[in-house]
Amino acid sequence: MTITPTGQLFLELAEVLLHFDLKSPSIITIQSLAMMAILYVATGSDGKGPRVSWIGLGNIGRGMSQNIAQKGPQTGPILLYNRTAARATIHASQLTNAKAVPTLTEAVNQSDLIFTCVGDDAALNSIVTAIISDPTIPQDLSSKIFIDCSTVHPDTSRRTEAAFNERGAGFVACPVFGAPNMADAGQLIVVPAGKRAAIEKVRPFFDGVVAKKTIDLSSGSGSDIDVGRASTLKVLGNTFILNTVGVLAEALVAAEASGLGVEPLQEWLGLFAPGPFANYAERMVGGDYCTREEPLFAVDLARKDLGHAYGIAKEGGLRMKNVEVMDGLLESVKEVKGPKGDVAAVYGAVRKGAGMEFGNQ
4 MTITPTGQLF
14 LELAEVLLHF
24 DLKSPSIITI
34 QSLAMMAILY
44 VATGSDGKGP
54 RVSWIGLGNI
64 GRGMSQNIAQ
74 KGPQTGPILL
84 YNRTAARATI
94 HASQLTNAKA
104 VPTLTEAVNQ
114 SDLIFTCVGD
124 DAALNSIVTA
134 IISDPTIPQD
144 LSSKIFIDCS
154 TVHPDTSRRT
164 EAAFNERGAG
174 FVACPVFGAP
184 NMADAGQLIV
194 VPAGKRAAIE
204 KVRPFFDGVV
214 AKKTIDLSSG
224 SGSDIDVGRA
234 STLKVLGNTF
244 ILNTVGVLAE
254 ALVAAEASGL
264 GVEPLQEWLG
274 LFAPGPFANY
284 AERMVGGDYC
294 TREEPLFAVD
304 LARKDLGHAY
314 GIAKEGGLRM
324 KNVEVMDGLL
334 ESVKEVKGPK
344 GDVAAVYGAV
354 RKGAGMEFGN
364 Q
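Structural data, given as structure tokens:
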């Protein structure tokens, strides 16, 4: 996986060639050669890419691992591990280039790049502790890079990096933005932070595989490296999403209570703010929030993200009042729906606060 001088030369040549205008077959041929040069760098001079494993198969992890299995430049099948083993077995059976493994030991020992994507800080800490304390995993992990795509507190990312660095392994904090359907479609936004050399080895799995865009927060090799920057961006970015969901819920209930009705507001949303927020409005008005059995974004995970953002702001002397409001709505959702409540159910919480029924079905 080391980029050789020859590989670096190919990469620099590719960057130049890819800027040519596509107006003739000869230029198309040149650009094809450029893409081959990039593939050379990604896979190495022997044509073999890294061995890859994936730990954690929630809503986002399933989509990302599926796209790596189908489009990634790895050698051999992607190895899948999940705490609930049946989930890994089922997911692997649905893919053509994947294999379920029963233990973390196998996932780590048989891979060069180890991706993790779990629900919260405690789950990530548990995995890191299990790997570090496993006597059947070599002490020297210098040939491996761990890439964490979980949404966790920046300090958790920093501690995770320190634990793996102590054993010689590389580490990239790489949270992602996007709903499960965007993960399935390979349209996430990935936010890697860490040493630039480590990120370059993982980059071939980003744009065009699991992501539509990369926000690169990498730095050099000095003491200024802070993997926590990626997690900070992620949890603060999630406040935009969650607070907007709360605003949508309040506006829809106000539209209904005022006699305007939700239809004109939905039509406006589709024109002014198409995409995820219009989709959230559809899930609210259509009743998905109160009939769904499995959440797309579970209430406890949302509250965890808000708590992390609130803590970051507090350290800077700021009180995030909008986060307090949204957390209160999510608390009301959990009282009604339990841990499987979805964030879209804040619509029901706002309805209940206005004297309406929680459900609209």
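Each residue of the sequence shown is one higher than the last, beginning at 4 in this note's numbering.
Note that beta-carbon positions come from the ideal geometry of N, C-alpha and C, so glycine has one too.
All of these numbers come straight from a predicted model, not from anything done at the bench.
C-beta contact flag for residue i and residue j at 8 Å
i: L274; j: D345; result: no
i: G171; j: L144; result: yes
i: L107; j: I81; result: no
i: G59; j: V121; result: yes
i: I150; j: K198; result: no
i: A347; j: Y283; result: yes
i: A257; j: G264; result: no
i: A176; j: I63; result: no
i: I130; j: T235; result: no
i: I93; j: N112; result: no
i: F180; j: G278; result: no
i: S160; j: G231; result: yes
i: V155; j: T242; result: no
i: V302; j: V250; result: no
i: A88; j: P76; result: no
i: S153; j: P178; result: yes
i: A125; j: A101; result: no
i: E297; j: K343; result: yes
Where residue i falls: helix, strand or coil (DSSP)
i: K343; result: helix
i: S56; result: strand
i: V193; result: strand
i: V243; result: Here the sequence assigns Phe to residue 243, which means Val is not the residue at that position. Three-state DSSP puts F243 in a helix.
i: D151; result: strand
i: G356; result: helix
i: A72; result: helix
i: V326; result: helix
i: D124; result: helix
i: F209; result: coil
i: L220; result: coil
i: T294; result: helix
i: A252; result: helix
i: K51; result: coil
i: V238; result: helix
i: L333; result: helix
i: A182; result: coil
i: A214; result: strand
i: D187; result: helix
i: I228; result: coil
i: S1; result: No statement about residue 1 is possible, as the shown extent of the chain runs from 4 to 364 and does not include it.
i: S129; result: helix
i: S261; result: helix
i: G66; result: helix
Start-to-end residues for the alpha helix (DSSP H) that takes in residue i
i: G173; result: Careful: G173 lies outside any alpha helix (DSSP H), inside the beta strand (DSSP E) at 173 to 176.
i: G315; result: Note that residue 315 is Ile in the sequence shown, not Gly. Unbroken alpha helix (DSSP H) run through I315: 302 to 318.
i: I3; result: Look at the range of the chain in this structure, 4 to 364, and you will see that residue 3 is not part of it.
i: A88; result: 88 to 96
i: T108; result: 107 to 112
i: F275; result: 265 to 275
i: F361; result: That residue, F361, is in no alpha helix (DSSP H); it is neither H nor E in DSSP.
i: A101; result: Segment 101 to 103 is the beta strand (DSSP E) holding A101; no alpha helix (DSSP H) there.
i: A348; result: Premise fails: A348 is in no alpha helix (DSSP H) and is neither H nor E.
8 Å contact criterion, which residue i and residue j should meet: CB distance rounded
i: A201; j: I148; result: 5 Å
i: V349; j: V248; result: 6 Å
i: A110; j: S56; result: 4 Å
i: L116; j: P195; result: With a Cβ gap of about 12 Å, L116 and P195 do not count as contacting.
i: V353; j: A252; result: 4 Å
i: G320; j: V339; result: Incorrect: roughly 35 Å between the Cβ atoms, too far for contact.
i: M329; j: L245; result: 5 Å
i: A281; j: L272; result: 5 Å
i: A91; j: L98; result: No, A91 and L98 are not in contact; Cβ-Cβ is about 11 Å, not under 8 Å.
N- and C-terminal bounds of the beta strand (DSSP E) containing residue i
i: K204; result: First-last for K204: 199 to 205, but that is the alpha helix (DSSP H), not the beta strand (DSSP E).
i: I81; result: 81 to 84
i: T163; result: No beta strand (DSSP E) contains T163, which is instead part of the alpha helix (DSSP H) from 157 to 169.
i: I117; result: 116 to 119
*asked:* Can you confirm whether the stretch 277 to 295 touches the stretch 212 to 220 when touching is taken to mean that 3 or more C-beta pairs between the two stretches lie within less than 8 Å?
replied: Because the criterion of three Cβ pairs below 8 Å is not met, the stretch 212 to 220 and the stretch 277 to 295 do not touch.
*asked:* Does the stretch 305 to 315 come into contact with the stretch 207 to 215, if we say contact requires no fewer than three beta-carbon pairs (one atom in each stretch) closer than 8 Å?
replied: Judged by Cβ distances under 8 Å, the stretch 305 to 315 makes no contact with the stretch 207 to 215, as fewer than three pairs qualify.
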